[in-house]
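The sequence shown begins at 0 in numbering that gives the first Met the number 0 and counts up by one. Backbone N, C-alpha and C define an ideal beta-carbon position, used for all residues, glycine too. Source: prediction; values computed, not measured. What follows is a single structure, written as structure tokens, with notes after it.
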Amino acid sequence: MGEILVKMGKIAPEELENILLSPKSNTARIGELLLQKNIITEDEFMQALALQLGFEYNDDLLKSSSMVISNNLSRAFIKRYNVIILREDDDAVHVAINDPFQFNVIENIKVFTGKKVHLVLAKKLDILKLSDMLAGEEGDSADQVIEDLREGTDNIEILGEIDETGEDVLDLANEAPVIKLVNLMITEALKSRASDIHIEPSEEGVTVRYRIDGVLYSVLSPPKNYQQAIISRVKIMAHLNIAENRLPQDGRIKVKYGTTDVDIRVSIIPSVVGERVVMRLLVRDERHLNITKLGLKEEMIIKARKLLRSPNGIIIVSGPTGSGKTTTLYAAMNEINTPDKNIITIEDPVEYRIKGISQIQVNPKIDLTFARGLRSILRQDPEVIMVGEIRDRETAEIAIQAAMTGHLVFSTVHTTDAASSVVRLLDMGIEPYLISSTVIAFLSQRLVRVLCPHCKLPTRIDPEILVNEGVDPALFENREVYRAEGCPKCQKTGFHDRIGIYEMITVDESVRKMIIEKRDAAYIRDRCIEKGMRTMLDDGIENILNGVTTLEEVVRVIRE
């Protein structure tokens, strides 16, 4: 193995010699030692192992997952031994395995299937992710469980141990019906890419709705007599008081969705027909923590990177709730997150944990407010600070003080566009000269749904509709645009995922002059457009012309 890795150029001969001389080399395999010391990657190790043993190595099992026709192995077996059945022929079974030296495991599969075993080497994480995909596609659905509840008895079981580290919601076998139903609701919501689950009681029954790509869809209707059992199960999972049904309660649930850790924020409020539950599903998505993946056009990415290199100043991001402001700020911090920088955030709440960044959560119960936390952060010698939201004059003044003393500050405000953010700060009572001398950019954004690539269809837009929306029909002449249709891959919605549309005001001399003069938002916006600012509508139109989204979608979010 060592010689193969040297020939591949993955390690130097001297490194190999040092490893062979170490005491651990007598008890562990050389490849595993190199992996533990981060000298080689798992991919490099698997390549070398395939060469050594003469096996095939599949470096991307998920791309070839279409060949999986059945999975007769239990999830517990797959997770323990990192092995999965890929396909079966008449006389042989093709198996992906991470460690081909598990001879007893291979023999068990041979006996279990009664066929010869052909091994394909694969990475551990690929095997586990493939198992997750299969677990999500097989087994009961929440609809089936509800049908069983309607036909079954009133023997309701809602208890069961909750693991603090998070139970795997894909492991559903042998659970009581209500436990199984709540697990399946979470599983199907995650599979549908939902951001929230709403459990809403009414006089007649219970409605379960998922928010997918920002829009609520009704998906389930459990029987009314199971309402309290379902809500009690959620309370147990969130470690809340199941006897209290008159006061609002907030809690958290940690679960695993296969290999993915999911943090669920639970909010329960009383209503006249029973308690109403909203579960916010927080799944860290590395794709969206990169400024090149947010939907920013190339010109704006260049501007953003220049602003992020500023030694001090404030960057304000605005938009309504759920418009992706926090994700944009996280992506900005990730862009400059290097070992030589001390980055601290204060948020309400901390939505995603980011390695290398210190994150503080606001806690009004102990008087840990944005303002108080920000004062303490300034004594921690940071280069970069993120304030979740500027809500009042005190927080704004401390953020300005931080920018004036050499810190780069990120924050958000709730306004409709970039120009309105200027007026919002003035309304808080901040002196115009302080805003003009510290804020370096105002960014405003919305999230538009992206057309499903599998079912979108070409269409034409009536020029009269374009004129009514303030869009020049000439832009759409001889250009193909698309409409949403709906297919099983997008849950019949016609859309899959979301992308940002943006407008940015960079604070130059002319903008500073308007701030000092306390000009209104419309005046600032008009002057910036005259100077070449692209509005959110302009950005949205470009996405329509590129076949990314629809006019209805752009208009819907801009009017929010």
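TODO: Give me the Cα-Cα distance between Val447 and Gln360, rounded to the nearest whole angstrom.
DONE: Roughly 29 Å between the two C-alpha positions.
- [ ] Assuming Val218 and Tyr225 form a contact by the criterion Cβ under 8 Å, report the distance between their Cβ atoms to the nearest whole angstrom.
- [x] Between Tyr225 and Val218 the Cβ distance is about 16 Å, and since that is not below 8 Å, they are no contact.
- [ ] Please report the Cβ distance between Val421 and Ile523, rounded to the nearest whole angstrom; I am assuming they are in contact, meaning their Cβ atoms lie under 8 Å.
- [x] Sure, about 6 Å apart at Cβ, within 8 Å.
- [ ] Apply the 10 Å Cβ neighbour rule to Thr492 and answer buried if 16 or more other Cβ atoms are within range, or exposed otherwise.
- [x] With a 10 Å radius around the Cβ and a threshold of 16 neighbouring Cβ atoms, Thr492 comes out buried.
- [ ] Using 10 angstroms around the beta-carbon of Ser443, count the other beta-carbons present and answer buried if the total reaches 16, otherwise exposed.
- [x] Taking every protein chain shown into account, the CB of Ser443 has 16 or more other CB atoms within 10 angstroms, so this residue is buried.
Open item on the list: Closest to Arg371 by C-alpha separation, out of Ile389, Ile356, Lys354, Glu382, would be which residue?
Closed with: Across the set Ile389, Ile356, Lys354, Glu382, the C-alpha of Ile389 shows the shortest separation from the C-alpha of Arg371.
- [ ] Could you give the DSSP three-state label for Tyr329: helix, strand or coil?
- [x] Here Tyr329 sits in helix by DSSP.
Task: Residue range of the unbroken alpha helix (DSSP H) whose run includes Ile528 - done: Start and end: 520-529.
Open item on the list: Using C-beta distances below 6 Å, list every residue in its chain close to Asn638, excluding the 5 sequence neighbours before and after it, in chain order.
Closed with: An answer regarding residue 638 cannot be provided, because it is not within the stretch 0 to 559 covered by the chain.
Task: Delimiting residues of the beta strand (DSSP E) encompassing Leu407 - done: Following the DSSP letters along the chain, one finds Leu407 inside the beta strand (DSSP E) bounded by residues 407-412.
Open item on the list: Here's the rule I'm using: 16 or more other beta-carbon atoms within 10 Å means buried, otherwise exposed. How should Ile439 be labelled?
Closed with: Burial call: buried.
- [ ] Give the straight-line distance between the Cα atoms of Ile18 and Ala11, rounded to the nearest whole angstrom.
- [x] Cα to Cα, the separation comes out at about 11 Å.
- [ ] Note the first and the last residue of the continuous beta strand (DSSP E) segment covering Leu456.
- [x] Unbroken beta strand (DSSP E) run through Leu456: 456-458.
Open item on the list: I'd like the span of the alpha helix (DSSP H) that includes Ile439, first residue to last.
Closed with: Careful: Ile439 lies outside any alpha helix (DSSP H), inside the beta strand (DSSP E) at 438-450.
Task: Given Ala95 as reference, the closest of Asn107, Gly531, Tyr56, Glu350 once Cα atoms are compared - done: The option with the nearest alpha carbon to Ala95 is Tyr56.
- [ ] Just tell me which of Glu396, Glu298, Arg279, Leu127 has its CA closest to the CA of Val349.
- [x] Comparing Cα-Cα distances from Val349 to each of Glu396, Glu298, Arg279, Leu127, the minimum goes to Arg279.
- [ ] Could you name the residues of the same chain whose beta carbon sits closer than 7 Å to that of Ala188, not counting the 5 residues immediately before and after it, in chain order?
- [x] The beta carbon of Ala188 is closer than 7 Å to those of Ile196, Tyr209, Leu280 in its chain, skipping five residues each way along the sequence.
TODO: Assign Thr414 to one of two classes, buried (16 or more other C-beta atoms within 10 Å of its C-beta) or exposed (fewer than that).
DONE: Result: buried.
Task: As assigned by DSSP and simplified to three states, the class of Arg28 - done: Coil, per DSSP.
- [ ] Inspect the CB distances between the region 501-516 and the region 464-484 and report whether three or more fall short of 8 Å.
- [x] The answer is no - the region 464-484 does not touch the region 501-516, with fewer than three Cβ pairs under 8 Å.
TODO: Report yes or no: do three or more beta-carbon pairs, one from the region 496-507 and one from the region 328-338, lie closer than 8 Å?
DONE: No contact exists between the region 496-507 and the region 328-338.
- [ ] Identify every residue that forms a DSSP beta bridge with Gly499.
- [x] Per the DSSP secondary-structure output, Gly499 pairs in a beta bridge with Leu446.
Open item on the list: Could you pull the DSSP bridge partners for Glu274 from this structure?
Closed with: According to DSSP, Glu274 bridges with Pro269.
- [ ] Taking Leu550 and Glu468 to be in contact with their CB atoms under 8 Å, please state how far apart those CB atoms are, rounded to whole angstroms.
- [x] Yes, they are in contact, since the Cβ atoms of Leu550 and Glu468 sit about 7 Å apart, within 8 Å.
Task: Pro363 (DSSP reduced to helix, strand or coil) - done: Helix at Pro363.
Open item on the list: Helix, strand or coil for Gln358? Go by DSSP, reduced to three states.
Closed with: Strand, per DSSP.
Open item on the list: Does Tyr256 pass the burial test, meaning 16 or more other C-beta atoms within 10 Å, or should it be called exposed?
Closed with: With a 10 Å radius around the Cβ and a threshold of 16 neighbouring Cβ atoms, Tyr256 comes out buried.
Open item on the list: Between which residues of its own chain and Ile145 is the CB-CB distance below 8 Å, once the five residues before and five after are set aside?
Closed with: Only Leu180, Leu219, Ser220, Pro221, Pro222 meet the Cβ criterion.
TODO: Pick out whichever of Glu297, Val466, Ser317, Arg79 has its Cα sitting closest to the Cα of Leu124.
DONE: For Leu124, the nearest C-alpha among the options comes from Arg79.
TODO: Please report how far the alpha carbon of Gly204 lies from the alpha carbon of Val272, in whole angstroms.
DONE: Cα to Cα, Gly204 sits roughly 9 Å from Val272.
Task: Inter-residue spacing [alpha-carbon to alpha-carbon] between Leu15 and Gln101 - done: Answer to the nearest angstrom: the Cα atoms are 25 Å apart.
Task: C-beta atoms of Ile39 and Lys9 nearer than 8 Å - done: In this structure, Lys9 lies closer than 8 Å to Ile39 by Cβ.
TODO: Locate the beta strand (DSSP E) running through Tyr216, then write down its first and last residues.
DONE: For Tyr216, the enclosing beta strand (DSSP E) begins and ends at 214-219.
Task: Sub-8 Å separation of Ile384 and Val408 beta-carbons - done: For Ile384 and Val408, yes; Cβs fall inside 8 Å.
Task: Which of helix, strand or coil DSSP assigns to Ala417 - done: DSSP places Ala417 in helix when its eight states are reduced to three.
Open item on the list: So, for Asn81: in the same chain, excluding its five sequence neighbours on each side, which residues have a beta-carbon less than 6 Å away from its beta-carbon?
Closed with: Around Asn81, the same chain offers Asn97, Lys123, Ile126 as residues with beta carbons nearer than 6 Å, after the five sequence neighbours per side are excluded.
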